[in-house]
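Peer 1: Would you mind keeping the following structure in view while I ask a few things?
2 protein chains.
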Amino acid sequence: MQSSGKLHSAQFLQHQLQEVITLLEKQQLEKSLVQRGPATNYELVETMLHKQHQTRLQEKFALLHPADIASILESLPLDQRKTVWDAIHTLHDGQVLLEVSDAVRQTLISGMEPEELATVAGKLDADEIADLAADIPKRAMLKILRSLNSKERKHLNAILAYQENQVGALMDFGMITIRDDLNLKAIIAYIRKLGKLPSHTDKLFVVDQLDRVQGILPLQRLLTHPPSRYVADVMVTDFVKFQVDQSTIEAARAFERYDLITAPVVDNEGKLQGRLCVDSILDFIREQSDEELLIQAGVGEEEDLFSSVWKSAKNRWGWLLINVGTAFASTRIIGLFEDIILQLVTLASLMPIIAAMGGNSGNQTSMLIIRSLALGQVTPANVHRLIKKELTLAVLNGLFIGLVIGLLSMLLYQDIALSVVMTMAMFINLLVAVVVGLGIPLLRHKYGKDPAVGTSIILTAITDSMGFFIFLGLASLFLIK
Amino acid sequence: MQSSGKLHSAQFLQHQLQEVITLLEKQQLEKSLVQRGPATNYELVETMLHKQHQTRLQEKFALLHPADIASILESLPLDQRKTVWDAIHTLHDGQVLLEVSDAVRQTLISGMEPEELATVAGKLDADEIADLAADIPKRAMLKILRSLNSKERKHLNAILAYQENQVGALMDFGMITIRDDLNLKAIIAYIRKLGKLPSHTDKLFVVDQLDRVQGILPLQRLLTHPPSRYVADVMVTDFVKFQVDQSTIEAARAFERYDLITAPVVDNEGKLQGRLCVDSILDFIREQSDEELLIQAGVGEEEDLFSSVWKSAKNRWGWLLINVGTAFASTRIIGLFEDIILQLVTLASLMPIIAAMGGNSGNQTSMLIIRSLALGQVTPANVHRLIKKELTLAVLNGLFIGLVIGLLSMLLYQDIALSVVMTMAMFINLLVAVVVGLGIPLLRHKYGKDPAVGTSIILTAITDSMGFFIFLGLASLFLIK
């Protein structure tokens, strides 16, 4: 869908948001004035006012692109969001529901009657309904299913049969199929008769009688070759296609690598099942990278900026509780050395440094390995050389950072033995950090697990415990008489 | 460019990589056998062997897509990468250089003579040369500039005039412009005469005599409207366009929001300067999200999996040294309380818990705010409600996590006073963490800085120092007689 030139600027959106909030506050004020006013015809006045408010909001939002409405809804606090959504949910045929984030969609849907929801969502395409399916209550879903024709229902069921990380779950059905025994003139006439091409159509799919994909006909070729030529002579037979059960991550990489706009999705027999489109891939990549960042920061799932405090709290407690556990566990090591600390209390000030630096350095290693694994660049053929390189690097890092830390503690405490212990502990803990930062992702990957999940928790737990143990252990060997 | 259906699978790439490595090792073996053999005609035999090796590598790689070759090169250790690149750098007209990551490109270019490089890169389009420009030595760049015609040179200079974060730096020139006083039949005839459309062409740009963009003509409309209609009647006048000096991040969001394939780029007077294309946007989003992850982990810039140990070390030291600084600074606080620790050594075991949990919780808050700021969802209109929500959440978190920690220490030490101090310290430090995790990104954003950079370092430094200070301070008030 195309939109006015100014629509895409961030300022425009902020300006719209400001206007909406001003409007809402004005309406709130009007409402409270009526409530405080004389009680005659009270209900009538309030109903009229409510209608007026709804109309004003509808007028304001009717001109906006669904994606922009979604963005404004996401930026509104819960109560204002609900007021706006009540007024405008029939606009744009449910497209707004598609554009909002998962967390915000739940807040919108939770306030709707099953009938309303079925009316709104029923206007969407099968692949779009599939995107919403997880958030739609069962009763509304049944209503929607009943309103679909048999082809749409088949499409919807086809998508719902696949898991979120499979290509089938991301496909749509906006494809034009043609046979290879027609000439280009006939194809152009066919398109003209259709009157409309699905969005993002950059190629037509050439299929045989069994619906198996034989080739693709880019619009480019359709437009540049003589109309008398036959599809079979002009089509491209060397093209990228995807299997329904293939991993979405792999498909996304292929879109980036081969600069695709659309590509056919086929089943095991090569039969055309649907189409993958770059706009779904773009959304997928964005969601995935957002998710990675949030996982790193320990926020469970995507959080709505204004989801209820209670919901946000529960979303963050999982990670915090795990951290309470690992923090208590690793500091138990310190308990073992309490008499050492009593003899040299400076150790208490210095030990967190050794622990923290181990975590930082291990994180650097593990993040690079996790990314290289995701890019498919780590293979049995080169993993030994990679390990060798990272170990060499750890020795170099350990020497350098160890010496810097030794020097700094020398400046602070003028105690050579203490400084030597600091340097040695730092050196050993950085080696431990690299072995762990390398080992956890590689092992998880080897056994088919996602190498990113949990790596940083386990890593920090180990580098903390080992940092305390190595430092206090060395201190008890060399510093305490 | 289209490629064979199997090309995009990860297994296929891993298999190719394995084959290349086997081939290289075999060649290495042959070479060493010749060197150890009888010395007659030694040089002749070695030259012949070298030629043979080169040919074999060229045959192997000629069939692969440039993006796949790039991926294999990135997975090879430095010496093997150099051997392969020596043999194949003339293949695919420099496209491989475009596809490899920045770090790997530098290793490839550093081994090439200026003449070679100019020959290879000279075959690329102006916008592609611009992508490489930062990595090409001055002498080779001058050679390349001399080999371009005046239009290409103008294009190249146009792109180089913009900064990396501006739309102008990402544009290309693969656009077809038309006038609005022609009919569609004439346009179709024009395209047929051109014989080829630039890749990703989904629309033609309609310009006036001064090159100002008046509208766009999607190929879809060209194909579905009667050939006798005029461009002026069929074109879309409500379309997304970008300014050359606009932020790339904003443009990427617009591509996602409005599902664009291509869009015109104009200057301040509305004159067409170039085109933005979804494949560049896809690469941009991927690079940006990779960068964000690496910044979070404290890896300076993108690192080649097999860049030299020395280079990797320098890349990681910056962050580690900053951390040494903040770690020393925050543990100085502990030094102030050494006599307290001597009186109750258990405090040494417990204080890292308070510090670490503050950092974790603050990170959760700051990451959500940073992401919402990037999405443009935090505005002056809603920031107060957002702050109120996060503070309420912090109180809730503080009570819950504080009580959990108090309980755990009660179980460990059976000391009520100590447990109460733990709970209070945890509660206060979580409040500090949220204020800081909220404050730093918001303030940085307010003053036009990137809210993501450095937030986690400053945050951890503050939550560590404050954690130690609050806990040991409360202990000295309530636990020490």
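Chains as they are written, first to last, in the numbering used here: chain A, 1 to 481; chain B, 482 to 962.
For each residue, glycine too, the CB sits at the ideal point set by N, CA and C.
As an exercise, report each continuous alpha helix (DSSP H) stretch of at least 4 residues that is fully enclosed by the segment 258-330 of chain A, in chain order.
Peer 2: Taking only runs of at least 4 residues, the alpha helix (DSSP H) segments lying wholly in the segment 258-330 of chain A are 278-297.
Peer 1: Drop a sphere of 10 angstroms on the beta-carbon of B:N804, count the other beta-carbons inside from all chains shown, and report buried for 16 or more, exposed for fewer.
Peer 2: Buried, since its Cβ has 16 or more Cβ neighbours within 10 Å.
Peer 1: Would you list the one or two residues that DSSP bridges to B:R693?
Peer 2: The partner list for B:R693 (beta bridge, DSSP) reads B:K752.
Peer 1: For A:T90, which residues in chain B fall below 7 Å Cβ to Cβ?
Peer 2: Going along chain B, no residue has its Cβ under 7 Å from A:T90, so there is no contact; the nearest lies around 22 Å.
Peer 1: Which residues in the same chain as B:A667 place their Cβ atom closer than 7 Å to its Cβ, once the five residues preceding and following it in sequence are excluded?
Peer 2: Cβ within range, chain order: n/a, list empty.
Peer 1: Are three or more beta carbon pairs between the segment 419-427 of chain A and the segment 386-405 of chain A nearer than 8 Å?
Peer 2: Contact between the segment 419-427 of chain A and the segment 386-405 of chain A is present, because at least three Cβ pairs lie under 8 Å.
Peer 1: Could you tell me which uninterrupted alpha helix (DSSP H) segments, each at least 4 residues in length, are contained entirely in the segment 624-659 of chain B, listed from first to last along the chain?
Peer 2: Counting whole runs of 4 or more residues, the segment 624-659 of chain B contains the alpha helix (DSSP H) stretches 631-641.
Peer 1: According to the Cβ coordinates, are B:L774 and B:T658 closer than 8 Å?
Peer 2: Not closer than 8 Å, so no.
Peer 1: Between A:M175, A:L438, A:R257 and A:M422, which has its C-alpha nearest A:H384's C-alpha?
Peer 2: Taking only the C-alpha atoms, the option nearest A:H384 is A:L438.
Peer 1: Locate the beta strand (DSSP E) running through B:V717, then write down its first and last residues.
Peer 2: Note, B:V717: premise wrong, no beta strand (DSSP E); not H, not E.
Peer 1: Just to confirm before moving on: does the CB-CB distance between B:E737 and A:V345 stay below 8 Å?
Peer 2: No; because the gap between Cβ atoms is not below 8 Å, this pair is not in contact.
Peer 1: Return the residues of the segment 307-329 of chain A that lie within a Cβ-Cβ distance of less than 8 Å from chain B, sorted by chain order.
Peer 2: Against chain B - using a Cβ distance shorter than 8 Å - the residues of the segment 307-329 of chain A are V309, W310, S312, A313, R316, W317, W319, L320, L321, N323, V324, A327 and F328.
Peer 1: What distance in whole Å lies between the Cβ atoms of B:S793 and A:L393, which are believed to be in contact at a cut-off of 8 Å?
Peer 2: Yes, A:L393 and B:S793 are in contact; Cβ-Cβ is about 5 Å, under 8 Å.
Peer 1: Whose Cβ in chain B lies nearer than 8 Å to the Cβ of A:A130?
Peer 2: Here the premise fails: no neighbours, minimum Cβ distance about 17 Å.
Peer 1: Is the beta carbon of A:R275 less than 8 Å from the beta carbon of A:V265?
Peer 2: Yes, the pair counts as a contact, with Cβ atoms nearer than the cut-off.
Peer 1: Strictly under 8 Å for the Cβ-Cβ distance: is B:D683 near chain A by that measure?
Peer 2: Closer than 8 Å: yes.
Peer 1: With H, G and I counted as helix, E and B as strand and the rest as coil, what does DSSP make of B:Q724?
Peer 2: Here B:Q724 sits in strand by DSSP.
Peer 1: For B:D683, does the count of other Cβ atoms within 10 angstroms reach 16, so buried, or fall short, so exposed?
Peer 2: So B:D683 ends up on the buried side.
Peer 1: I'd like the span of the alpha helix (DSSP H) that includes A:V34, first residue to last.
Peer 2: Here the alpha helix (DSSP H) through A:V34 covers A10 to R36.
Peer 1: Please go through the same chain and pick out, in chain order, the residues whose beta-carbon is closer than 7 Å to the beta-carbon of A:A103, but skip the five residues on each side of it.
Peer 2: For A:A103, where only same-chain residues beyond five positions count, the Cβ hits under 7 Å are E302, E303, D304 and S307.
Peer 1: Per DSSP, A:N183 forms a beta bridge with which residues?
Peer 2: The partner list for A:N183 (beta bridge, DSSP) reads A:Y230.
Peer 1: Taking the alpha carbon of A:L210 as the point to measure from, which residue in A:G270, A:M171, A:R253 and A:A158 has its own alpha carbon closest?
Peer 2: Measuring from the Cα of A:L210, the nearest candidate turns out to be A:G270.
Peer 1: Note the first and the last residue of the continuous beta strand (DSSP E) segment covering A:K203.
Peer 2: Taken as a continuous stretch (DSSP letters only), the beta strand (DSSP E) holding A:K203 covers K203 to V207.
Peer 1: Buried or exposed: where does A:L447 fall if 16 or more other Cβ atoms within 10 Å of its Cβ makes it buried?
Peer 2: Before going on, a small fix: residue 447 of chain A reads as Tyr here, not Leu. Exposed: under 16 other Cβ atoms inside 10 Å.
Peer 1: My output table needs one value for B:P679: the three-state DSSP class, helix, strand or coil.
Peer 2: Note: B:P679 maps to coil in three-state DSSP.
Peer 1: Within this structure, are the beta carbons of B:I776 and B:A956 separated by less than 8 Å?
Peer 2: Not in contact: B:I776 and B:A956 (Cβ atoms no closer than 8 Å).
Peer 1: Can you list, in chain order, the residues of its chain with a C-beta nearer than 6 Å to that of A:P451? Leave out the 5 residues immediately preceding and following it.
Peer 2: Same-chain partners within the cutoff: I370, L373, P441, R444 and H445.
Peer 1: Any idea if A:F173 is buried or exposed, counting beta-carbon neighbours within 10 angstroms, 16 or more meaning buried?
Peer 2: Classification of A:F173: buried, given that the 10 Å Cβ count is 16 or more.
Peer 1: What is the rounded straight-line gap between the Cα of A:I191 and the Cα of A:R179?
Peer 2: Between A:I191 and A:R179, the C-alpha separation is close to 13 Å.
Peer 1: At least one CB of chain A closer than 8 Å to the CB of B:E555: is that the case?
Peer 2: Closer than 8 Å: yes.
Peer 1: Taking 8 Å as the threshold (C-beta atoms), are B:G839 and B:V913 in contact?
Peer 2: Result yes, Cβ atoms of B:V913 and B:G839 sit closer than 8 Å.
Peer 1: Closest to A:G195 by CA distance: which of B:L572, B:L856, B:P708 and B:S582 is it?
Peer 2: Closest by alpha carbon: B:P708.
Peer 1: I'd like the list of long-range same chain contacts for A:L23, defined as Cβ closer than 8 Å, with 5 residues on each side in sequence excluded.
Peer 2: Only R56, L57 and K60 meet the Cβ criterion.
Peer 1: Got a sec: which bits of the segment 862-877 of chain B sit with their beta carbon under 7 Å from any beta carbon on chain A, in order along the chain?
Peer 2: Result list: A862, N863, R866, L867, K870, T873, L874 and L877.
Peer 1: Tell me whether A:Y42 is buried or exposed, calling it buried when 16 or more other Cβ atoms sit within 10 Å of its Cβ.
Peer 2: Exposed, since its Cβ has fewer than 16 Cβ neighbours within 10 Å.
Peer 1: Pull up the DSSP beta-bridge partners for A:A218, would you.
Peer 2: Looking at the sequence provided, one finds Pro at residue 218 of chain A rather than Ala. Its beta-bridge partners are A:K203.
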